[in-house]
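In what follows, a single structure is set out as structure tokens and then discussed.
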Amino acid sequence: MSSIANKLVLDFILYEKEEWPNSALMKFKTTEILPEIFPGQFVQVKVEDSPETYLRRPLSVNFIDRGNSCLWLLVQKVGPGTRKLAALALDSKVNMILPLGNSFSLPEPKKESGIQNIVLIGGGIGTAPLLFLGKSLRELGYLPNFLLGGRSAADILQLEEFRLYGKVFITTQDGTLGEQGLVTEHSILNEIQVDRIYCCGPKPMMQAVASLAKKINCWCEVSLENLMACGFGACLCCVEKTNKGHVCTCTEGPVFNINELLW
Amino acid sequence: MSSIANKLVLDFILYEKEEWPNSALMKFKTTEILPEIFPGQFVQVKVEDSPETYLRRPLSVNFIDRGNSCLWLLVQKVGPGTRKLAALALDSKVNMILPLGNSFSLPEPKKESGIQNIVLIGGGIGTAPLLFLGKSLRELGYLPNFLLGGRSAADILQLEEFRLYGKVFITTQDGTLGEQGLVTEHSILNEIQVDRIYCCGPKPMMQAVASLAKKINCWCEVSLENLMACGFGACLCCVEKTNKGHVCTCTEGPVFNINELLW
Amino acid sequence: MVDLSVQLKALRLKNPVMTASGTFGYGEEYLDFMDLSRIGGIIVKGTTIRPREGNDYPRMAETASGMLNAVGLQNKGVNYFVKNIYPRICDFDTNVLVNVSGSTVEDYVQAAEIIQELDKIPGIELNVSCPNVKEGGMAFGVSAKALCQVVKEVRAVYRKHLMLKLSPNVTDITVLAKTAEEQGADSLSLINTLLGMAIDAEKQRPKLSTITGGLSGPCVKPVALRMVWQTYKAVKIPVVGMGGISNTADAIEFMLAGASAIQVGTANFIDPVVSVTIAEGIEDYCQRHGLKSASELTGALRLD
Amino acid sequence: MVDLSVQLKALRLKNPVMTASGTFGYGEEYLDFMDLSRIGGIIVKGTTIRPREGNDYPRMAETASGMLNAVGLQNKGVNYFVKNIYPRICDFDTNVLVNVSGSTVEDYVQAAEIIQELDKIPGIELNVSCPNVKEGGMAFGVSAKALCQVVKEVRAVYRKHLMLKLSPNVTDITVLAKTAEEQGADSLSLINTLLGMAIDAEKQRPKLSTITGGLSGPCVKPVALRMVWQTYKAVKIPVVGMGGISNTADAIEFMLAGASAIQVGTANFIDPVVSVTIAEGIEDYCQRHGLKSASELTGALRLD
Ligand SMILES: Cc1cc2nc3c(=O)[nH]c(=O)nc-3n(C[C@H](O)[C@H](O)[C@H](O)COP(=O)(O)OP(=O)(O)OC[C@H]3O[C@@H](n4cnc5c(N)ncnc54)[C@H](O)[C@@H]3O)c2cc1C
Ligand SMILES: Cc1cc2nc3c(=O)[nH]c(=O)nc-3n(C[C@H](O)[C@H](O)[C@H](O)COP(=O)(O)OP(=O)(O)OC[C@H]3O[C@@H](n4cnc5c(N)ncnc54)[C@H](O)[C@@H]3O)c2cc1C
Ligand SMILES: Cc1cc2nc3c(=O)[nH]c(=O)nc-3n(C[C@H](O)[C@H](O)[C@H](O)COP(=O)(O)O)c2cc1C
Ligand SMILES: Cc1cc2nc3c(=O)[nH]c(=O)nc-3n(C[C@H](O)[C@H](O)[C@H](O)COP(=O)(O)O)c2cc1C
Ligand code: FES
Ligand code: FES
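Same order as they appear, the protein sequences are chains Y, C, P and Z. Count the first sequence with my numbering and you get residues 620 to 882, in order. Count the second sequence with my numbering and you get residues 620 to 882, in order. Count the third sequence with my numbering and you get residues 14 to 317, in order. Count the fourth sequence with my numbering and you get residues 14 to 317, in order.
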């Protein structure tokens, strides 16, 4: 966990959008200076004028460009809030609270002797925080392996961006892209000696990855997506039972080492 | 009161809009055939995606062009619903229930001997139903006198349209347009022998017109704007106390002869 | 084919969707919009033994995801209903139940006796829970003793389906539910409106002529659902659930919580066809979930 | 200049805005967003004599204009509070009150005695109305007899400001309000959450691990406002109003209905600065309406 910047409430403008049937990549800009943000952190987005979304919606930071005060969100349309968000017109104003949560633990800059092979496993929209994480790892000298899984080819997003920072491996359940099957079944996991796994995706998938990691005795962090009301530690709604008891996933998470979890 | 068409729930598309600081003229089209609509009738508009507007909003029919299935609404921005409506982008879909309510009583077609001078008095947004009414009166051979009042010049809307169908007289409280004062103080009311008054506007203004009408013993209909929940006679929320007891202004109104009211 | 019909004791509904009293007029107000034969039943406007003028205007205020009303049982009395309204609506191809209110036990009993004579009215819904009328009404709904008496005496004279509508403005709804069951109610419907209030901050005045009024709409759904669930577990007679139902999912939730049928209220104002849409939606839901009959949904909430 | 300060008996708030227990952590969670000295007070998280793990996940569900929670008083116990949290927050330049919950009268008394020793805590808010905990909690809030006992015994040992938080899940809130007043409570705060429930129609399961939970947010405002009004008319001690307050107009409405001060709860989650915005808004409102002091708003609802 890194030292965390002050939390802010900021207005952003949507300046670019790429939309797919079930998801959208939304690029936001703010006129303010962005606080320092670490991979794995998230924002709480206010979805305006939607009677069904009283609370904010937590979304991982997909990418940032602090120099230009740009922040990307990758949004899967699963309900009223995300649908409404993904439907926003360019130039719409969106209010966010950020940066929230802890972050993925970054390794020391790469050395000959240390960690060699890092695998970032993302399932479905769980790939969202991995782009930013992959870029940070690349800056530390690593060549991350992105292992992306989905039900079918349409679920695999941002391929070009991922290729900028590392090697990409894909599984789809219907075999329409990459190897057919689940991420945990991908051949790469047998071919290389995995030193570190970062994982984000649906809970069953993360649990499968966690047990694989335990089996091969590999360091592994996962990012949880528990339901949140506030996102900054005030409501105690987002708890996960860990070896320290109930902890808030919005402040002590969303990133956890699998050893802390009771999975 | 005329014989009323079946009520429908119809989708419209906003195809043209004219906006002022406090109001907007919104022109809608539907692909369906519009039912017969009479002046004084209103529609119940669904304001989508506004957490504060659970109920529909009643708005008078400002104008219709049945041949082209067009319907105009003149909307004053007074709260969340009307603001949201007035802010809609062109091509937005809007759902309405229509036609609702009774209508202004139209006179027989003009004869030498009968009714001569008809005055349509509108205050603020109360001018909305008078355009459609004026057009209908013109079609019956009358040259309506529109007496339009407002706080200041900016409140006097659709002047050109009104001039198409009759003579226009104006009062503003600050004197920025027409005579300074209240509608009931306009000189025209002393200059002509008024045979019939139709009136729509804020309640105090309608009450002033009603007492003037009673004083000069003139036939007078007013259009009420009581709070409504359903708009079609199901909830009994919109009642006005009349000489028949509590009656629903959405079915037995919004138009009442002042003799029916207990003002 | 899904069997959508449900039984409320001897009363058969062709599907679980009814419309709630006070939100559906006498059904006639909706004839332009929908075919009444497509729903399981309608509960007509609150009817009292004597005509009532209702409360003064203003009678409604909008609130977050809901509304307050203070109609106050405006109606022309049961005899007017029998003479003038019943003949117009008695041939509706659905169950027409009359919602009955009163200020005294005698009021309820008399009205029930009069309505019993109407062949095509298979039941009444006793409203002991209207928060908008000073004299009685809600008093019966919040005291087990008063409720006991009114149900007992109406039951003694009324032989058709006796549905009792419970008030949510109570500490423990199961106490009242059990009382009504013991006194012979055939079914329980809930919830009536929650007592609420709205103020105009600028004018510094109440928004309703009666200061307080009845809250309905999606805002009350969580409370209604909880009470249906509590009531379902406490009694054996069928429960008819309502409170904020606006779409199929809402209706399914009430049935899972224990409702045998549901009523749609305020949502009719926003979408006058919604009750038919929900009836169709329930059929679709049953098909998708492999249910042969809608009644399998009742109380099927999974807790394992 | 408007005098924004209000008195809750001997307790002076610099303005009428407080934040509600369970929605504001220990205040620290909001330090990034706002200056705590800008509001009248904060009520920290529900505290119990022994540590509590709280309920299982999931603990929240969104509802129309509101949310359900089932946190279940997760906290590390009063002694942990005294040792580890109090030192960090005791210098906040605002009134810090501790919200106290318990399963037995003894629990409440012991916690009150311990907190009494903390110099910078001018009062406690007794929570007898948490709907999310099986053992006690709400039981005290819905029975006048139980409430009487707990207030009496806490009052016997606790000499600072004793605020009693009432449950809305009752037939007649004035009965409980009067009981608390008689037993010496200094002020009453209301409402706590309404007991509600949410179901996932597709999964056919409750959305909360505890099946039912506490409803809060704008959806409950009409009920809260009504109860504040009823309570204000029934007692002489100050009333602190809450339930869905999200903006200045909401706060003004509660004061007009009789609240001497207000608490902002769930709205803090959506806009963490909202309590300051409301405090400023009240000043502006008083100026526009020519009021010299915010306390003139209390009970100023016009009924003529
Ligand atoms: C730390 C964190 C990071 C996330 N990052 C992303 C991301 O980058 N991209 C993305 O598309 N999604 C992300 N999610 C999930 C996203 O928050 C939910 O999909 C969204 O809130 C659903 O809102 P809705 O109104 O569209 O759907 P709803 O109808 O509210 O819910 C649809 C589904 O989403 C879940 N959900 C609803 N509200 C929340 C909430 N407050 N927190 C978590 N889950 C919820 C529900 O359980 C349900 O299964 C993240 C969640 C968390 C907690
Ligand atoms: C038959 C009829 C015809 C109308 N015609 C027009 C018209 O042509 N153009 C126009 O701009 N306005 C018209 N109105 C008024 C219009 O309905 C309200 O201004 C609108 O509903 C306010 O909604 P809101 O959300 O913007 O404001 P809100 O915040 O809801 O209210 C702002 C003000 O409008 C009043 N209002 C709110 N809801 C209603 C309601 N359901 N019925 C009546 N008044 C309400 C409130 O009392 C308040 O004073 C008409 C009203 C009726 C009953
Ligand atoms: C305008 C209005 C009038 C009502 N009148 C009655 C009534 O006469 N008798 C009755 O038992 N319930 C009456 N109710 C309550 C409804 O039948 C229903 O119990 C309540 O509104 C909750 O359901 P909903 O949220 O779906 O509207 C009325 C409700 C509204 C909104
Ligand atoms: C997540 C959450 C936790 C809460 N915890 C407590 C608590 O510990 N003690 C308490 O007295 N009230 C608690 N409450 C109730 C609030 O203090 C408040 O009474 C209620 O939410 C109504 O106000 P609101 O609608 O402004 O939120 C909690 C509310 C929420 C939403
Ligand atoms: S979401 Fe509120 S504490 Fe985590
Ligand atoms: S608005 Fe419902 S009856 Fe008139």
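The beta-carbon is built from N, C-alpha and C at its ideal position, and this holds for glycine as well.
Taking 9 Å as the threshold (beta carbon to beta carbon), is Z:N182 in contact with chain P? At a cut-off of 9 Å between beta-carbon atoms, Z:N182 makes contact with chain P.
Check Z:I102 in the structure and name its three-state DSSP category. Reduced to three states, the DSSP call for Z:I102 is helix.
Using a Cβ-Cβ cut-off of 8 Å (strictly less than) and excluding sequence neighbours within five positions of P:E138, which residues of its own chain qualify? The residues S34, I56, L110, V111, N112, V113, M176, L177, K178, S202, in chain order, have a CB closer than 8 Å to that of P:E138 in the same chain once the five nearest residues on each side in sequence are set aside.
Applying the 10 Å Cβ sphere with the 16-neighbour rule, what's the burial state of C:S732? It is exposed - the Cβ of C:S732 has fewer than 16 other Cβ atoms within 10 Å.
C:R676 CB to nearest heavy atom of ligand 2 below 8 Å: Because some heavy atom of ligand 2 lies under 8 Å away, the Cβ of C:R676 counts as near it: yes.
Nearer than 8 Å: is that true of the beta carbon of Z:N140 relative to any heavy atom of ligand 4? Indeed, a heavy atom of ligand 4 lies less than 8 Å from the Cβ.
Report all residues from its chain with a CB closer than 6 Å to the CB of P:G256; omit the five preceding and five following residues, and keep chain order. Contacts found: I204, V233, K234, A237.
How about C:E879: is its C-beta nearer than 9 Å to some C-beta of chain Y? Chain Y contact via Cβ: absent.
I need the DSSP call for Y:K729, collapsed to helix, strand or coil. DSSP, reduced to helix, strand and coil, places Y:K729 outside both helices and strands of the structure shown, so it counts as coil.
At a Cβ threshold of 9 Å, is C:M620 touching chain Y? Confidence in C:M620 is poor, its pLDDT being 42 and thus under 50, which makes the residue's placement too unreliable to answer from.
Give me the Cα-Cα distance between Z:D69 and Z:E266, rounded to the nearest whole angstrom. Taking the Cα positions, Z:D69 is about 36 Å away from Z:E266.
As a quick exercise: from P:K173, P:L207, P:S142, P:I98, pick the residue whose alpha carbon is nearest that of P:Q7. The requested residue 7 of chain P does not occur in the structure, where chain P is confined to residues 14 to 317.
Let me check understanding here. Comparing Cα to Cα, which of Y:E879, Y:A853, Y:G760 lies closest to Y:G864? Among Y:E879, Y:A853, Y:G760, the Cα nearest to that of Y:G864 belongs to Y:E879.
With DSSP as the reference, label Y:C677 as helix, strand or coil. According to the sequence shown, residue 677 of chain Y is Pro rather than Cys. If DSSP states are grouped into helix, strand and coil, Y:P677 belongs with the strands.
Chain Z beta carbons: is any one of them nearer than 9 Å to that of Y:W882? No, its Cβ sits nowhere closer than 9 Å to a Cβ of chain Z.
Using a Cβ-Cβ cut-off of 6 Å (strictly less than) and excluding sequence neighbours within five positions of Y:L749, which residues of its own chain qualify? L739, G741.
Given a threshold of 16 other Cβ atoms within 10 Å of its Cβ, counted over all protein chains shown, does C:Q799 qualify as buried or as exposed? It counts as exposed.
Cα-Cα separation, P:S259 to P:A280: P:S259 and P:A280 have their C-alpha atoms roughly 5 Å apart.
If you check the beta carbons only, do Z:A190 and Z:V277 fall under 9 Å apart? No; because the gap between Cβ atoms is not below 9 Å, this pair is not in contact.
Any heavy atom of ligand 5 within a distance shorter than 8 Å of the CB on Z:M210? No - ligand 5 has no heavy atom lying nearer than 8 Å to the Cβ of Z:M210.
With a cut-off of 8 Å on the beta carbons, I'd call C:F647 and C:V713 a contact; round off their distance for me. At roughly 6 Å, the Cβ-Cβ gap stays under 8 Å, so C:F647 and C:V713 are in contact.
Short of 7 Å in beta carbon distance, which residues of its chain neighbour Y:S621, apart from the five on each side in sequence? Order them along the chain. Only weak support is given to the placement of Y:S621: the predicted model assigns it a pLDDT of 44, under 50, and the question is left unresolved by the model.
Does any CB atom of chain Y fall closer than 9 Å to the CB of Z:G149? Any reading at Z:G149 needs caution, since the residue's pLDDT is 47, under 50, leaving its predicted position unreliable; the model's value is listed next. So no, Z:G149 is outside the interface.
Going along chain Z, which residues have a C-beta under 7 Å from P:Q300? The contact set of P:Q300 on chain Z, defined by CB atoms closer than 7 Å, is empty, because the minimum CB distance reaches about 14 Å.
Measure from the C-beta of Z:Q87 to each C-beta in chain A and report whether the shortest distance is under 9 Å. No chain A appears in the structure shown, which is made up of the protein chains Y, C, P and Z.
Where does P:G136 land, buried or exposed, given buried means 16+ other C-beta within 10 angstroms? P:G136 is buried by the Cβ-count criterion.
Assumed close pair Y:S724, Y:E840 - CB separation to whole angstroms, cut-off 8 Å: Contact flag correct, Cβ pair sits at about 6 Å.
Ligand 5 heavy atom lying under 8 Å from the CB of P:T311: Result no, Cβ not under 8 Å from ligand 5.
State buried or exposed for P:S288, treating a residue as buried only when at least 16 other CB atoms are found within 10 Å of its CB. Result: buried.
Grab me the residues of C:V628's own chain with a C-beta within less than 7 Å of its C-beta, minus the 5 sequence neighbours each way, in chain order. Residues N714, I716 of the same chain have their beta carbon placed closer than 7 Å to that of C:V628, with the five preceding and five following residues left out of the count.
Does the Cβ-Cβ distance between Z:R72 and Z:G226 come in under 9 Å? In this structure, Z:R72 places its C-beta atom within 9 Å of the C-beta atom of Z:G226.
At the level of alpha carbons, what is the spacing between Z:D45 and P:Q243? Roughly 43 Å separates the two Cα atoms.
Say the cut is 8 Å; is the CB of Y:C869 nearer than that to a heavy atom of ligand 4? No, since every heavy atom of ligand 4 falls outside the 8 Å radius drawn around the Cβ of Y:C869.
By a C-beta neighbour count over all protein chains shown, 10 Å radius and 16 as the cutoff for buried, is C:W639 buried or exposed? Here C:W639 is exposed: its Cβ has fewer than 16 other Cβ atoms, across all protein chains shown, within 10 Å.
Between which two residues does the beta strand (DSSP E) harbouring Y:N714 extend? Membership of Y:N714 in the beta strand (DSSP E) is indicated by the continuous run 712-719.
Return no unless some Cβ of chain Z is closer than 9 Å to the Cβ of Y:R675. Yes, Y:R675 lies at the interface with chain Z (some Cβ there is under 9 Å from its Cβ).
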